[in-house]
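Novice: My numbering applies: residue 5 is where the sequence shown begins, and numbers increase by one.
Just so you know, even glycine gets a beta-carbon here, dropped at the ideal spot from N, CA and C.
Here you go, one structure.
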Amino acid sequence: MRAALPKNIAMGHHVRNSSQAASLVAGVLQGDAALIGSAMSSDFIVEPTRAPLIPGMAAVKAAALEAGALGCTISGAGPTAVAVIEGEEKGEEIARRMIDAFLSVGKLKATATVAQLDRAGARVISTSGLE
């Protein structure tokens, strides 16, 4: 999937993506789920190139947003999709709609995990077996 990315990027796209990266950081620092969702759904470089390579991804994103997700995009190099929600009550419904879209449009079986953001971040949780 990385090989599909363009070698050259228009300055306007670079500026917009950099702006959205800053918004993403601000959203994380402020605990603003709506800002995080908006920023991660506003990619002008990677997602437009990679999404067509993932069967059903456009439908998955549309399904997530229609079901109430604050944002949805490709996670990592794909084909994983991630959605941002506020409150777990919508999570299962959004997950079900994303799975249904992957199956009905992309003809892909999918699974979903609804999880809370780990606000503590990276840390050592065990040193057992590392000695």
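Given S46, which residues of its chain have a CB within under 7 Å of its CB, disregarding the five upstream and five downstream residues?
Specialist: For S46, where only same-chain residues beyond five positions count, the Cβ hits under 7 Å are Q24.
Novice: Could you give the DSSP three-state label for T77: helix, strand or coil?
Specialist: In this structure, T77 counts as strand in the three-state DSSP scheme.
Novice: At which residues does the alpha helix (DSSP H) containing V50 begin and terminate?
Specialist: Looking at the DSSP string, the run of the alpha helix (DSSP H) that includes V50 is 50-54.
Novice: Taking the alpha-carbon of T115 as reference, which of A85, G125, K94, D122 has the nearest alpha-carbon?
Specialist: Looking at the Cα atoms, A85 is the closest of the given residues.
Novice: How is V64 classed by DSSP in three states: helix, strand or coil?
Specialist: It is helical.
Novice: Going by alpha carbons, who is nearest to E93 out of P59, V118, K111?
Specialist: Nearest C-alpha to E93: V118.
Novice: Starting from A38, follow its DSSP beta bridges and name the residues at the other end.
Specialist: A38 is not bridged to any residue.
Novice: Confirm, please, whether the CB-CB distance from V109 to G60 is below 9 Å.
Specialist: Contact: yes.
Novice: Should G31 and A43 be called a contact, given that it needs their Cβ atoms to be closer than 9 Å?
Specialist: Yes, the Cβ-Cβ distance between G31 and A43 is below 9 Å.
Novice: Shortest alpha-carbon distance to H17 belongs to which of P83, V88, T53?
Specialist: When only C-alpha atoms are compared, the closest one is T53.
Novice: Leaving out the 5 sequence neighbours to the left and right, which residues in its chain are closer than 8 Å to D104 when beta-carbon positions are compared?
Specialist: Closer than 8 Å at the Cβ level, and outside the excluded window around D104, lie A67.
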